[in-house]
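K.L.:
Mapping the sequence shown onto my numbering, position 157 (from 1) lands on 174, and the numbers just tick up by one.
For every residue, glycine included, the Cβ atom is placed at its ideal position computed from N, Cα and C.
The model shown is predicted, which means the values in this text are computed figures rather than measured ones.
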Amino acid sequence: MSRAAAGQRPGGSAADAGSPRAPRLGGLATATRDELLAELDWYDVSVTCELSGAPLCQLQVRGARFSSVPLVSSDLQGARLIDAAFDGCDLSGARFDEAALTRCEFRDCRLSGVQFNASRANDVRFVGCRLDGASFRMVHGERVWFEDCILTEAEFCAAELTRVRFERCDLTAADFSQARIPDADLRGSIVEGLRGVGGLQRPIIDAAQVVPFAYSLMAVHGVVIRGDEE
18 MSRAAAGQRP GGSAADAGSP RAPRLGGLAT ATRDELLAEL DWYDVSVTCE LSGAPLCQLQ
78 VRGARFSSVP LVSSDLQGAR LIDAAFDGCD LSGARFDEAA LTRCEFRDCR LSGVQFNASR
138 ANDVRFVGCR LDGASFRMVH GERVWFEDCI LTEAEFCAAE LTRVRFERCD LTAADFSQAR
198 IPDADLRGSI VEGLRGVGGL QRPIIDAAQV VPFAYSLMAV HGVVIRGDEE
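1) Using beta-carbon positions only, say whether Leu53 and Val78 come within less than 8 Å of one another.
2) Measure the Cβ-Cβ separation of Ser91 and Leu73 and say whether it is below 8 Å.
3) Can you give the Cα-Cα distance for Arg41 and Val141, rounded to whole angstroms?
4) Check the C-beta distance from Gln94 over to Glu115 and give it rounded, since I have them as a contact under 8 Å.
5) If Phe193 and Arg212 are in contact, beta carbons under 8 Å, what's the gap, nearest whole angstrom?
6) In three-state terms, what does DSSP make of Arg185?
7) What residue range is occupied by the uninterrupted alpha helix (DSSP H) comprising Glu52?
8) Any idea if Ala176 is buried or exposed, counting beta-carbon neighbours within 10 angstroms, 16 or more meaning buried?
9) Would you report the Cα separation of Glu172 and Ser152, rounded to the nearest angstrom?
10) With which residues is Ile167 paired in a DSSP beta bridge?
11) If you follow the beta strand (DSSP E) that Arg120 is in, where does it begin and where does it stop?
12) Determine, using beta carbons only, whether Arg147 and Ser136 come nearer to each other than 8 Å.
13) Let me make sure I understand the geometry here. Which of Gly210, Ser63 and Arg120 has the alpha-carbon closest to that of Asp100?
14) So which of Asn134, Leu178, Met155 and Phe103 has the shortest CA-CA distance to Arg112?
15) Drop a sphere of 10 angstroms on the beta-carbon of Gly24, count the other beta-carbons inside from all chains shown, and report buried for 16 or more, exposed for fewer.
16) Three-state secondary structure (DSSP) at Val228?
17) Report the CB separation of Cys174 from Arg154 in whole angstroms; it is logged as a contact under 8 Å.
18) Could you tell me the boundaries of the beta strand (DSSP E) in which Arg82 lies?
19) Throw me the rounded Cβ distance for the Ala217 and Ala191 pair, which I believe falls under 8 Å.
20) Rank Val86, Cys186, Val144 and Val64 by C-alpha distance to the C-alpha of Ser109 and give the top, closest one.
21) Give a yes or no on whether the C-beta atoms belonging to Gly150 and Asp165 are separated by under 8 Å.
22) Any idea what DSSP makes of Val89, helix, strand or coil?
23) Under a Cβ-count criterion, where at least 16 other Cβ atoms within 10 Å of its own Cβ denotes burial, should Gly158 be classed as buried or exposed?
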């Protein structure tokens with residue numbers, strides 16, 4: 018779909034230089050399902066139609082807002098998403114393997130079991146999302162933030178990410194084995210039962226997280242706690 022002949026799109030806020038840059042969205046044209054699937058090059062579009070199970074492999078997006086769109090089990094492998102916002106969408110079981118995401122935002126979305134394996138993520142933000150069982154294996158990128166998200170049993174194995182924040186998230190039993198994620202901010206999140214915590218280098222935690230985080234570290238090093246009588 019051709020880009021709207023509009024003026025320059027507004028840039029993101031520079032209020033916090035360390036935070037992910039927001040999607041740059043200008044005037045958006047509404048498109049039907051048939052129009053969208055006829056050509057997988059989407060520019061400055063508003064998407065509101067049913068797309069569950071749609072074959073979106075190698076999709077190219079530059080400027081799009083997805084509003085309450087069902088995308089359950091959709092195939093977005095190898096997709097390239099730039100300046101995309103997902104609001105209240107259901108992406109459960111969707112595949113984003115080997116995709117590239119730049120300035121993307123997911124708000125109040127269901128992403129249970131979503132796959133981002135071997136994808137690239139730069140300036141990506143998840144807010145109020147359900148990501149239980151999500152896989153971020155071998156993801157590379159920077160400025161990836163999770164706020165008020167459920168990430169129980171999510172996998173970040175072998176991921177290489179910088180400037181990562183998990184704010185008020187549930188990370189119960191999340192797996193960071195063989196990851197390289199330095200200086201991740203975990204303050205305010207639930208960190209019970211973390212696996213592979215050695216993949217978090219110099220994590221930032223608060224006082225309430227010291228004990229559960231210590232238990233995860235002891236599990237990594239095989240620490241055995243025994244009483245004096247044993």
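P.N.:
For this structure:
1) The residue you call residue 53 lines up with position 36 of the sequence shown. The residue you call residue 78 lines up with position 61 of the sequence shown. Not in contact: Leu53 and Val78 (Cβ atoms no closer than 8 Å).
2) For the purposes of this step, residue 91 is identified with residue 74 of the sequence shown, where counting begins at 1. For the purposes of this step, residue 73 is identified with residue 56 of the sequence shown, where counting begins at 1. Contact: yes.
3) If you number the sequence shown from 1, residue 41 lands on position 24. If you number the sequence shown from 1, residue 141 lands on position 124. Going by the C-alpha atoms only, they are around 13 Å apart.
4) On the sequence shown, position 77 is the one that residue 94 refers to. On the sequence shown, position 98 is the one that residue 115 refers to. Sure, about 6 Å apart at Cβ, within 8 Å.
5) For the purposes of this step, residue 193 is taken as the residue at position 176 of the sequence shown. For the purposes of this step, residue 212 is taken as the residue at position 195 of the sequence shown. That belief holds up - the Cβ atoms of Phe193 and Arg212 are roughly 7 Å apart, short of 8 Å.
6) What you label residue 185 is simply residue 168 of the sequence shown in a count that begins at 1. Arg185: coil per DSSP, three-state reduction.
7) Indexing the sequence shown from 1 puts residue 52 at position 35. Per DSSP, Glu52 belongs to the alpha helix (DSSP H) from Arg50 to Ala55.
8) Counting from 1 along the sequence shown, the entry for residue 176 is found at position 159. When all chains shown are included, Ala176 counts as buried.
9) Looking up residue 172 in the sequence shown gives position 155. Looking up residue 152 in the sequence shown gives position 135. Take the alpha-carbon of Glu172 and the one of Ser152: they are about 5 Å apart.
10) For the purposes of this step, residue 167 is identified with residue 150 of the sequence shown, where counting begins at 1. Beta-bridge pairing links Ile167 to Arg147 and Asp187.
11) Within the sequence shown, numbered from 1, the residue matching residue 120 stands at position 103. From DSSP, the beta strand (DSSP E) with Arg120 extends over Ala117 to Arg124.
12) Here residue 147 refers to the residue found at position 130 of the sequence shown. Here residue 136 refers to the residue found at position 119 of the sequence shown. The answer is no: Cβ separation not under 8 Å.
13) Numbered from its first residue, the sequence shown carries residue 100 at position 83. With distances taken between Cα atoms, Asp100 lies closest to Arg120.
14) The residue given as residue 112 occupies position 95 in the sequence shown. Among Asn134, Leu178, Met155 and Phe103, the Cα nearest to that of Arg112 is on Asn134.
15) Within the sequence shown, numbered from 1, the residue matching residue 24 stands at position 7. Its pLDDT being 34, under 50, Gly24 is placed unreliably by the model, and nothing is read from it.
16) Within the sequence shown, the letter at position 211 stands for residue 228. Note: Val228 maps to helix in three-state DSSP.
17) In the sequence shown, the residue the question calls residue 174 occupies position 157. In the sequence shown, the residue the question calls residue 154 occupies position 137. Right, the Cβ-Cβ distance comes to about 5 Å (below 8 Å), so this counts as a contact.
18) On the sequence shown, residue 82 is found 65 positions in, with the first residue counted as 1. Per DSSP, Arg82 belongs to the beta strand (DSSP E) from Gln77 to Ser84.
19) Taking the sequence shown and counting its residues from 1, one reaches residue 217 at position 200. Taking the sequence shown and counting its residues from 1, one reaches residue 191 at position 174. Reading off the sequence, residue 217 comes out as Leu, not Ala. So it is not a contact: roughly 10 Å between Cβ atoms.
20) As a position in the sequence shown, residue 109 is number 92, starting the count at 1. Answer by Cα proximity: Val86.
21) Translated into positions along the sequence shown, residue 150 becomes position 133. Translated into positions along the sequence shown, residue 165 becomes position 148. Contact: no.
22) As a position in the sequence shown, residue 89 is number 72, starting the count at 1. DSSP, reduced to helix, strand and coil, places Val89 outside both helices and strands of the structure shown, so it counts as coil.
23) Translated into positions along the sequence shown, residue 158 becomes position 141. Residue environment: Gly158 is assigned as buried (16 or more neighbouring CB atoms within 10 Å of its CB, all protein chains considered).
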